[in-house]
Amino acid sequence: MIAGFSKFINQFLAPVLALTSLVLIVLVYLSPVVMLHTQVSMLTVSPASSGVDGPTLFLGPLGSCGRPNNEAGVDCTQTSVHPTYDTSVLPGNAPALLSAPVATTPVFIAISIVFKMIFFFMYAFTAWKHRMGKFGAIYEKPGVQSATVWIGLIGFMIGITCFLIIRMWFGKAVEDFNMTVITEGSNSAQLVATTSNGFIMIWIAYAFYAIPLVASMAKLQIMSPKKIPQESSWKAMGIKRSYDDDSEDEEKYRDDPDDSDYSPQVEKPRAKKRVKMEPVPKARTQARIMTLATNVLPAQAAANERLSGVDASVISKIKKALALASHTGTGEQEAKAALRMASKLMTQHSIDQADILAEEDEADRLKSHDSDLLYQAYNLILDLSLRKKEAKGIRGKNTYRRGIGDGLYQVATKEKKQEHQRTIMAEKQKLLDANREEREEDKRRLERLKDPKVEANNNPQLDSTPAPKKDFVKIEEVEDEDAATLSVGNNQPLKDEVSHIVESIVPAVDSARSHLDDSAHVTNGEDDDDGDDDDDDEGYAHRGYDDVDDPATPQPDFRDSDDDLDMEELEPRVAAKAEPDAPADTSRAVKEETNPGWKSVQQLVQFRATSVAIADDYLKKQGIKLSKGRSSRFELKHDGEWKLYNEGKEDAKKIDVKRKRIEAAEDG
């Protein structure tokens, strides 16, 4: 508290008091001739009785003013340092004892006022030097402090001496004037002379002026260097030091320069004075520990729970594969294979890369995470700046490098936001795909319930197939018995093979059969007996087995009674239906394995939090404390520097800080 009060006096109160003192002294010095004609004066002559309206005379250092009565105007003499008082307003029988003081008194008062003005400004600058920047360093010098004290002291002494002289002069004049009026009695004018309020203002002014003067002298005493007494001063004071001795042997021993044991006595430094510190104000808010760094976070607990059922060897393989894929010396094909194996293992055990990172301990986090990205970017920026011919001189190259650095920072910030947005969109798309698949599954379930499959051996349509009509058989197509027997004998194994194939794929073509019309179902049914072998033989002999591969759409022949022929015509339809999107699904699965990505925003946030924790742990282990540095004063002065800076920002987009991108390699 006392320190704050002292600061208030030195920096605020003392300058205000010095200014007030200066104003009061100037008012008294200029009154009543220049201003305040009837309000301020040093000597006043007025009627003895207050109820009588008579002449009044006002005297000051520079002249006088008077009026014959209270209603009349005031007449003043000319302002002069050699004043002559005009007493014409007084009656003729008034004592003629009023005269001006010594002629040099007003001059010295003016000189003291000038010194007081200089002291006021110097003291104010000294008190507020800490707010004046570099200019305030001038007022910290001891010479300036000493000059301030001397100027203030000279002004104080000259001014107080002059006003004391005036006070004694006017005091004697008042005493003589009143004594003369009393002595003459009724023959004298009924007037009285008194010292006025000007002297009261002067005493108050110098009382105020003494406070900043004393404060300035105290600061000078504190800042002045302390002198150490010389050897003659020690002896003059009769103080004997530890190595002072009258013995000649000891004197010789002490003065021997070859003696290595001799060491001069060093004066012990004086202990510094303890300064009581100001109490720290109590904070309005209070911090409480909600979660410790050693506590397990919910995300960490969930990751540990998922990893609890996975063998340690599997986790080790995944870590090694990821490390191999991200290593700078790994080839592209090898990195693809390692990343594919890691993705496959993570998919089999229902874990992701974020869980693997969360499972790492402190030693693993601090090991080999620094990479050489900084060195690569730094060396590349230096190389680009050296090749930039337009960048002349050190400033030009630094401007270009600054542009590259700012460009890299903007690219990193933009990619970070885009990654977050892509993760959000991927998560939304995943939810939409899941909903769409669920609706399609419900739709397929309803279709199966509405139109169920029909078993091949219980198909009533096959049993109700009418026997082929003989009316459609042509005479030219009928063969003799030998040819028919030969045809049947040669084609019987082919019929058995086709029948076996048809029976094996009946469940797969049921859905295809449901799209055929009723006539097609009737025609394509398998005959229950082997009658009319001639037609079968003729059909195979006429068309041949190679017609099965004909890609044309088969048309059912209602005139043909050969069931095997119709079954063969269905084979292209069955083969076309049996070609699903298997290659597309396989490629998609491979792509998903090689590009695990972020499945949710939570995984991305957890990964970034883990990265920040790794950086903080590394800084803590290295004993590095981050602090806010000075704000950069880098300014671009002309259009040429702006051009280099913008070119650097554009060239920063060409720097591939991520280097290997397996996705791009696969796409190519």
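In terms of UniProt numbering, the sequence shown opens at residue 1 and continues consecutively. Even for Gly, the Cβ is constructed at its ideal location relative to N, Cα and C.
Taking the beta carbon of residue i as the centre, do at least 16 other beta carbons fall within 10 Å, making it buried, or is it exposed?
{"i": "Pro61", "result": "buried"}
{"i": "Ser343", "result": "buried"}
{"i": "Gly185", "result": "exposed"}
{"i": "Gly66", "result": "buried"}
{"i": "Ser519", "result": "Note that Ser519 scores a pLDDT of 39, beneath 50, so its modelled location is shaky and nothing firm can be said."}
{"i": "Phe58", "result": "buried"}
{"i": "Val16", "result": "exposed"}
{"i": "Asp651", "result": "buried"}
{"i": "Met42", "result": "buried"}
{"i": "Gly171", "result": "exposed"}
{"i": "Asp355", "result": "buried"}
{"i": "Ser2", "result": "Looking at the sequence itself, residue 2 is Ile, so the reference to Ser does not match. The residue is exposed, with fewer than 16 neighbouring Cβ atoms inside 10 Å."}
{"i": "Ala615", "result": "exposed"}
{"i": "Glu332", "result": "exposed"}
{"i": "Met425", "result": "exposed"}
{"i": "Phe5", "result": "exposed"}
{"i": "Gly54", "result": "buried"}
{"i": "Gln606", "result": "buried"}
{"i": "Thr183", "result": "exposed"}
{"i": "Glu71", "result": "exposed"}
In terms of residues, what are the limits of the alpha helix (DSSP H) holding residue i?
{"i": "Arg395", "result": "Gly393 to Lys450"}
{"i": "Phe12", "result": "Counting along the chain, Phe12 falls outside any alpha helix (DSSP H), and DSSP gives it neither H nor E."}
{"i": "Leu619", "result": "Val601 to Gln622"}
{"i": "Ala342", "result": "Glu332 to Gln348"}
Compute the beta-carbon to beta-carbon distance between residue i and residue j, rounded to the nearest angstrom, for a pair I have assumed lies under 8 angstroms.
{"i": "Tyr209", "j": "Ser21", "result": "4 angstroms"}
{"i": "Ile165", "j": "Val81", "result": "With 8 angstroms as the limit, Ile165 and Val81 do not qualify as a contact, their Cβ atoms being about 14 angstroms apart."}
{"i": "Ala18", "j": "Phe120", "result": "5 angstroms"}
{"i": "Gln603", "j": "Asp352", "result": "6 angstroms"}
{"i": "Ala193", "j": "Val45", "result": "5 angstroms"}
{"i": "Val28", "j": "Gly198", "result": "5 angstroms"}
{"i": "Asn93", "j": "Asn187", "result": "7 angstroms"}
{"i": "Ile151", "j": "Phe115", "result": "5 angstroms"}
Which value, in whole angstroms, describes the spacing of the CA atoms of residue i and residue j?
{"i": "Gln190", "j": "Ile158", "result": "38 angstroms"}
{"i": "Leu97", "j": "Val174", "result": "9 angstroms"}
{"i": "Trp128", "j": "Leu357", "result": "58 angstroms"}
{"i": "Glu390", "j": "Lys653", "result": "19 angstroms"}
{"i": "Gly73", "j": "His37", "result": "10 angstroms"}
{"i": "Ile202", "j": "Glu278", "result": "39 angstroms"}
{"i": "Asp255", "j": "Glu140", "result": "Reliability fails at Asp255, whose pLDDT of 47 lies under 50, so the model's placement of it is uncertain and the value that follows must be treated cautiously. Going by the C-alpha atoms only, they are around 43 angstroms apart."}
{"i": "residue 669", "j": "Thr148", "result": "Because the chain is modelled from 1 through 668, residue 669 falls outside the range shown and cannot be assessed."}
{"i": "Arg395", "j": "Leu644", "result": "11 angstroms"}
{"i": "Thr180", "j": "Val144", "result": "54 angstroms"}
{"i": "Lys397", "j": "Gly648", "result": "10 angstroms"}
{"i": "Thr77", "j": "Ser88", "result": "11 angstroms"}
{"i": "Arg402", "j": "Lys625", "result": "25 angstroms"}
{"i": "Arg340", "j": "Ala321", "result": "9 angstroms"}
{"i": "Met168", "j": "Ile118", "result": "28 angstroms"}
{"i": "Tyr618", "j": "Lys273", "result": "43 angstroms"}
{"i": "Leu431", "j": "Glu438", "result": "11 angstroms"}
{"i": "Lys621", "j": "Glu334", "result": "34 angstroms"}
{"i": "Cys162", "j": "Ala100", "result": "13 angstroms"}
{"i": "Ile211", "j": "Pro83", "result": "33 angstroms"}
{"i": "Phe12", "j": "Thr195", "result": "34 angstroms"}
{"i": "Leu345", "j": "Lys416", "result": "28 angstroms"}
{"i": "Tyr206", "j": "Tyr85", "result": "27 angstroms"}
{"i": "Glu440", "j": "Ile318", "result": "36 angstroms"}
{"i": "Arg633", "j": "Ala434", "result": "55 angstroms"}
{"i": "Gln221", "j": "Leu213", "result": "13 angstroms"}
Specify, as a first and last residue, the run of the beta strand (DSSP E) that residue i falls within.
{"i": "Val310", "result": "Premise fails: Val310 is in no beta strand (DSSP E) and is neither H nor E."}
{"i": "Pro142", "result": "Here Pro142 belongs to no beta strand (DSSP E); instead the alpha helix (DSSP H) covers Pro142 to Glu184."}
{"i": "Ser64", "result": "Gly63 to Arg67"}
{"i": "Leu59", "result": "Thr56 to Gly60"}
{"i": "Ala652", "result": "Taken as a continuous stretch (DSSP letters only), Ala652 belongs to no beta strand (DSSP E), being part of the alpha helix (DSSP H) at Asp639 to Ala652."}
{"i": "Ser46", "result": "Leu43 to Pro47"}
{"i": "residue 673", "result": "This structure gives no information on residue 673, because the portion of the chain shown stretches from 1 to 668."}
For the segment 83-142, list the beta strand (DSSP E) runs that are entirely contained and at least 3 residues long, ordered along the chain.
Contiguous beta strand (DSSP E) elements confined to the segment 83-142 do not occur, taking only those with 3 or more residues.
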